[in-house]
Structures are given as structure tokens and as C-alpha cells.
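All remarks here apply to the structure that follows.
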Amino acid sequence: MLYFAPGLFSAQVPVFRDLLVLVIPLRSHALAAVRGGELPLWNPDLFLGAPFLANYQSAVLYPPSVLLYLLPFPQALSIFLAFHLLLAGSGMTLYLRAAHGLQAPAALLGGIVFSGTGFFVSLVPLTNQLEVAAWAPWVLLAGRRYAATGEPRWFAALTLFFAMQALGGAPESAALTGLLLALDSRRPWRRIGHFGIALVLALGVCAAQLLPTLEYFLQTDRAAGLPYSSVTSESLRWRSLFQLILPHRFADGAPGFVPEGGIPLFWSLYVGIVPLSLAIVALAEARAASWWIALAGGVVLALGSSTPLFGMLYDLAPRLVGLFRYPGKFFLLAHSALAVLAAHGLARAVVRRTARKAAAAACAGVLGATVVLALWGSAAPRPFLGALGYDAAGLAASTVEALAAPPRSTAARSAAVALVVLLLLWLFARRTIGSRTLAASLIAVTLADVLPVHLPTLVFVDWSRLRESVDLRRLGLRSGERLFHYCAEAGCVPAGAPGFGAWNGRMRPLERVEVRARELWSALVPDVPIVYGLGAVAGVDGWSTRDRDAFYRTLALLPRRQGLRLLEGLGVNRLIGQSPLPDLDPETAPDEEGDRGDRTWRYALPEPAPRLYLAERILFAPDTASALERVARPDFRPGRDAVVAGPAGAPSREAGAGAIEEETIGRATIDARIVLSSPGFLVVSDSFYPGWRATVDGSAADVVRTNGIVRGVHVPAGRHTVALRYRPRSFRVGCGISLATLTVLAAGLVAARRHGRVRTGD
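Under this note's numbering, the letters of the sequence shown match residues -4 to 757, in that order.
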């Protein structure tokens, strides 16, 4: 609860990394839809419209999301996040008590290490990963209890916990939990069939989520496997393992410089000196062998491209390994193992002299290593930084000293913690303190060690002030307008490409998180427009369809003037970026005086296509890329022309003249009353995507791919009402499967209970 106190007791929200630019906007959209009486199947404000429920990160059907819908948003978000830390900690504690037979102090230490340190706290900004990882101990508990007893209630619990993970939105973390379950189970083959049935039932219960997600997945290139460079981004480096004794630190609300360079996706791996030393003690325990396998495997896999193994796995199964990015996620295996091993180490240390000697030796090793590092950092800061992985070549001596000071002080701090642990072990050996006091003291030292490291990473800002920092009227923005955040600097587009990339905004080392968060929010980067009912064309949701990829690829390869034409043709109203565009006159220049709170250039595009318009001329292109290039040509008239599929070079065709008398645009509905003198073509500048259905006066009409990536509908002459609805068949079928599976599961539980009563009566 300490981690989220600012949000629990005041209207503040955490803003580090993805919490600010992804989690808060997406959860705000879900909240607005649910409170408006709608199920948020579609998000009209992401890109040119995107499926919402189908995206795993939305967590619309994830049961704990109800907290966000029922409570005031700032408090609800902190309660939601705190709930998952408490869920994870209590689950690990109960698992260690019930499945491993550990006493309360040892089990409590395992729960603290799992839920309150290092990798797990780093998952808070990666909320979908947090949601799934928090249920991992409960899966292990139910799996072990069912394997031991065969009781239906544990089978039902295992199915429930599998379902929670399936709805949480991180399939790779769910798969890692399954691997831990296999490693942890004694003779797992005895119950593997039952485990498989529980998993199938869980997937059936979650079909209403999983089938739309599968449909969305098939619209991306992940189905064919991502390229190796993308898959291995955010791999841990060997130097990242220094964090086990030298944690990354925040100073004055800002992340410090770290050997990885920028701010790593998984900010901390630090579990504390006490748990690390106790985990080494558990090395001698035979029943902990499977957890050492999990520890070693998790570290090696998390290193990703830093070892040859990941490349070999990718070569063997590129489509399977290429489904997911960021090998650092595999550290969940290692983190779970460290929690379990630390608990076993404490249990051994309080009853066995040899275990205490091993713990003392481990602490002495940490003490010696950190003292050497601290002294080395003082005597020779440049080679000291080089050994830690920093690139200090060519830096001035004063800069080197400034860079060396934080890791040097961190080394001294770790040495002090190790010294305290050695003192406690010595006092216990002298019988000055008892076993309970030793266990309680080691837990207290762990908390005193890890809390100051991780508490500063959860930076909070006032939610009301953050929202009010964007005044749409003052900025000349209207609800429904679409913004594109451009990047014209090197590195945003392929080398030599003349066009635009997307600016997604990043937090940087040594910048105060609160200040940077306010800057990014004021600049509406990248998903922030969603909070205000604006279109975030450069927004992100973790996945990218082939159409979206084609858009960005075309935008990067076109000359910038044509790129601007493409954006106009697709209905983009305004541009926001960090560098000037010579082809346009800015509405606002960078805020050098600090009055507006951001440092961006803002432009209004002169001829953006309306959201709905009747085409006067129909052009033809053979594929998506050609259609986008055709929209970008100077002779394309935004709001008057449309490009549909047809042979290259086919002559254009005139469409019927008419007018849109009335239009109504909702989240997943579009209605228009149209008058045409002859057959015409209605263009809807929203993403072309399966599940959209069109009717003209109630009769079904085809939805036509238009302008490469948006929608169009042929309309006959006369006065008509055109309606478009997002009604994905995948969701309807999924709901049916979910209902049927729940019925089967309920019937099975009732039958099992009756069978148990009959046996009891016999």
C-alpha cells in the first residue's frame, strides 16, 4: 500500500513510462464508454479507429477492471494497481505455506520479494504484464493442491486462475506461469491431462475476449513472426545483472543514468541483499532444484540477443519466437525463483548452522564486492564506469566523476546492508537473539533495503491539474479532430528516407518524471488525445495492423510535401512535433517562456478531408500502398476524391453529386442522411477493419476499402439513410462459446459435488 499512498489518499495518478502515455488514456476511454452505457468494442480515436476490446491491453472484460468503473478514476487506478501487488504477495505467501510447508516468516519474505521488489514493481507501468503475473502464485497454489488432492474445488480454482490470466492481456507471462507449474509439480505427468482440461475450459470461458483478440492478431504481421531485431529489443545485457547488488536509483524524482543507456523497459531487477544471499543458501536444498532451473533459464532467456541461445531458438522456430517482443519479460521466471529460493533460504537459516554459514559467506561476498567497487569508483572512476558497462570514453573528468558518484554510493549502501545482515547472523550465533527475532529482523532489513529503491519510481501528479493543463478552446481544438504527432529527426524513419515518422514521446534519464510527464501530456503525446475526445493518429496500443504499417511506411518514403497531402486526404486536422516544418505556417511555436508548458510546433493542415464526405471522382489503384501513394499526389482532392481497388492506370469515374444532410458519429456507430442526384459513393475516413457492417435504408451494403486504409459505401440515387455499425462476428461467437463453457463448468462442479456427497453417505 505504501507504493500507492499518494493515489489512495489524494486525487493523484502514477505517471512513470507507459502509465502516462498508454495506460491512463486507454483506461479512460473504457471508463467513459462503460459509464455511458456502452461496451467499448471500438476506439474511434486511436489511429483512424481501432478495435478496443480486442486489444489485450484494454482489459475490458478483466474482472478487477470493475474497480476502475465504480470508483473515482485517480483513486481507482491506484487501488487497481495496489490490488495486484497485494494479490501477488498474498498468493506467493499462501503458496509457500500450503505447497512448500514453510513457516509464516519464510513465506512472508517470499511474498514480499515477489510482489514488492525489482522486476515485479517494474511491471506496474506495464499494466497488462502486472495483471497476469499477479495471478501466477495462485495458479501454482491451485495446481499443487489439485495434484496432491484431486479435489474438484482446486480444479475449479485452477480454471478460474487460468481464466484471470487469459483475460489479463499478457499471453507470454501466462505461458511462463504454465512453465513454472510444470517445473514445480512433482511428477506433473500424473495430472497433466487435467491441467490441460482446466486450461481449455479457461480459454473457453474467455472466448468472448480471445476470439476478437485472435482476429486483431491476424491483421498484424506478428502471425508471420516479427523480425529478429524487433523480437530482441529490450533484451537484458550482461551488465544489467549488476543490478542484483547495485540497483538503479532515482534522484530528486528523476531516473539516473544507467549502463543500459536510456531508461530500460524493466527498470529494476533488484530483490535486495538479504533475499539474494538467502537464495544462495537454498542451493543445497534438493527440493529447490527446479527453482534453480527456473532462475537460470529466466536469466538466460531474458538476456535475449546478449547470448547465442535466443538467436538459435529464433532460427529454429521464427514464427513461434517471433510472436512476442522484449525478452526481458522472461525474467519473471528468475524473479519468481528468487522469491521462492529466498523463502527456503530463510527457513533453513533459522534452523541449520550450515545454512547460516552459507548465508554469512554469501553476505561476506556481497560485502567484499561492493566495498571493492566503492573504493575503485573513488580511486579510478573512468575504468570503474567501464567495468559497469558505461561508455565514458571522451568524457571530461568532471563528467566522469558525476557519473561515477551514484553507483559508487549505491555500492557503499549495499555494503552497509550486507554488514547489517552479517551482524544479525553473528548475534544469532552468539544466542543474543532468537530465531524469531532473526527472521523478523531479516524481513525488516529487506523492507528497509528495497522500499527506498523502488518507492521513488512511482511518481504521482495531481489528476485534475493534469487534465486541466490541456484547454481545447485555448488551443483551438474541437472534439473529434485528429492529431498526428510527427517526427522529422534522424532515427524516426529508415536511413535516407525523406518523409515523416511518428513521435511517441519518451522519458529520459536525469529528467524529473513529474516535469517530463506534464510536458508530454501538454503535447498530447501519443495516446493522450483520447482522454479529450481527439483522434490520436500516431497513437499506440501495442499492436500494429498491416494497414497501419503500410501507412507509416508510405509516410516515411514520400517527400514531406506529399506526406502532408496524404495526411490531409485521410482526414488529419493538425500536426504536433518537436521540429519546424518549412512547408507550413505554425499555429504555435515552442513555448520558450513556459506559459503553455510544452516545447512543440503545432500546425493546422489547410485541406483536411471531412470524417464523412461524398466523393465527386473515383480513382483506382491495385493495392493498399498504391492507393496511399495516389492519395498523396498533388492532383488528389481531399474531401472530393476517393481511391478504390482497380487496375493501375484505369480512368477515373465521376460519382453522383449530392449532400450529407445530417451525420451522427458515435464510438462504434455512424449514421448519415444523404441526398444524391445519381448513384454516389460515401467515404468514411475511419479504418477499414473486419466487423464493420453497412446498411442503406436498412438493407445490407458492401463496405469498400477506400483511400488505401479507410471505408466507403456505394449509395444509389435519391434520399437515403446510411448506417455503419461495428458488430464483430468474432465477439458474438466468442460470447456463445463463453456461455456454453460456463454452463458445462457449472454442471461439472454440481455433478462433482453430488458425487462427493454420495460417497460421503456411503
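All C-beta atoms, glycine included, are put in the ideal place defined by N, C-alpha and C.
Check: With a threshold of 7 Å on Cβ separation, who are the neighbours of D590 within its own chain once the five nearest residues in sequence on each side are excluded?; Outcome: At D590 the pLDDT is 45, less than 50, meaning the model places this residue with poor confidence; the figure from the coordinates comes in the next sentence. Cβ neighbours of D590 beyond the five flanking positions: none.
Check: Give a yes or no on whether the C-beta atoms belonging to L736 and G199 are separated by under 8 Å.; Outcome: According to the sequence as given, residue 736 is Thr; it is not Leu. For T736 and G199, yes; Cβs fall inside 8 Å.
Check: Since L607 and V679 are thought to touch, with beta carbons under 8 Å apart, how far apart are those beta carbons, to the nearest angstrom?; Outcome: 6 Å
Check: Please report how far the alpha carbon of D697 lies from the alpha carbon of L614, in whole angstroms.; Outcome: 18 Å
Check: Relative to the C-alpha of A413, which residue among G323, R425, L271 and G381 is closest?; Outcome: L271
Check: In terms of alpha-carbon separation, which member of D40, I704, V335 and L178 lies closest to D618?; Outcome: I704
Check: Can you pull the DSSP bridge partners for Q7?; Outcome: D457
Check: Would you grab the beta carbon distance between S331 and L104 for me? Rounded to a whole angstrom, and I think it's under 8 Å.; Outcome: About 14 Å; that fails the 8 Å criterion.
Check: Please state whether the Cβ-Cβ distance between Q214 and R541 is less than 8 Å.; Outcome: yes
Check: Quick check on DSSP: helix, strand or coil for A146?; Outcome: Rather than Ala, the amino acid found at residue 146 in this sequence is Glu. Reduced to three states, the DSSP call for E146 is coil.
Check: Measure the C-alpha to C-alpha separation of E588 and R594 and round it to an integer number of angstroms.; Outcome: Low local confidence applies: a pLDDT of 46 at E588 is under 50, so the model's placement there is unreliable, and no value is given.
Check: Can you check DSSP and say which residues form a bridge with E476?; Outcome: Looking at the DSSP assignment, E476 forms no beta bridge with any residue, so it has no partner.
Check: Just to confirm the assignment, what range does the alpha helix (DSSP H) spanning R688 have?; Outcome: Segment W687 to V691 is the beta strand (DSSP E) holding R688; no alpha helix (DSSP H) there.
Check: Helix, strand or coil for G707 per DSSP?; Outcome: strand
Check: Using only the alpha-carbon positions, how far apart do V316 and Y51 sit?; Outcome: 19 Å
Check: Using the Cα positions of S168 and Y211, report the straight-line distance between them to the nearest angstrom.; Outcome: 20 Å
Check: Going along the chain, which unbroken runs of the beta strand (DSSP E) with 3 or more residues stay wholly within the segment 605 to 633?; Outcome: 607 to 609 and 612 to 616
Check: Look at the alpha carbon of P629 and the alpha carbon of T701, and state the distance between them as a whole number of angstroms.; Outcome: 18 Å
Check: Using 10 angstroms around the beta-carbon of L327, count the other beta-carbons present and answer buried if the total reaches 16, otherwise exposed.; Outcome: buried
Check: If you follow the alpha helix (DSSP H) that E509 is part of, which residue opens it and which one closes it?; Outcome: V508 to S517
Check: Counting C-beta neighbours from all protein chains within 10 Å, is the total for V488 16 or more, i.e. buried, or is it exposed?; Outcome: buried
Check: With a threshold of 8 Å, are at least 3 pairs of Cβ atoms found where one atom belongs to the segment 712 to 719 and the other to the segment 113 to 122?; Outcome: no
Check: I think L82 touches Y(-2), with their Cβ atoms under 8 Å apart; what is that distance to the nearest whole Å?; Outcome: In fact, because the Cβ distance is near 14 Å, the residues do not count as touching under 8 Å.
Check: Starting from D179, trace the beta strand (DSSP E) both ways and give me its first and last residue.; Outcome: Unbroken run through D179 is the alpha helix (DSSP H), P166 to D179; no beta strand (DSSP E).
Check: Pair every Cβ in the segment 426 to 435 with every Cβ in the segment 396 to 410, then say whether three or more of these pairs are closer than 8 Å.; Outcome: no
Check: Between the alpha carbons of A747 and G731, how many angstroms are there, rounded?; Outcome: 24 Å
Check: Grouping DSSP H, G and I as helix and E and B as strand, with all else coil, what is D757?; Outcome: Summary for D757: the model assigns pLDDT 45, below 50, so the residue's position carries little reliability; its value from the coordinates is reported in the next sentence. Three-state DSSP puts D757 in coil, outside helix and strand.
Check: Please say whether V456 and R548 have beta carbons closer to each other than 8 Å?; Outcome: no
Check: Which residues share a DSSP beta bridge with E658?; Outcome: A667
Check: Would the beta-carbon of L333 fall within 8 Å of that of A101?; Outcome: no
Check: Throw me the rounded Cβ distance for the T690 and A667 pair, which I believe falls under 8 Å.; Outcome: T690 to A667, Cβ: 11 Å. No contact.
Check: Once DSSP output is grouped into helix, strand and coil, what is the label at R234?; Outcome: helix
Check: Could you tell me which whole beta strand (DSSP E) segments of length 3 or greater appear in the segment 508 to 574?; Outcome: 569 to 572
Check: Return the first residue and the last residue of the alpha helix (DSSP H) that G292 is part of.; Outcome: A284 to A297
Check: By how many angstroms is the C-alpha of V739 removed from the C-alpha of V626?; Outcome: 52 Å
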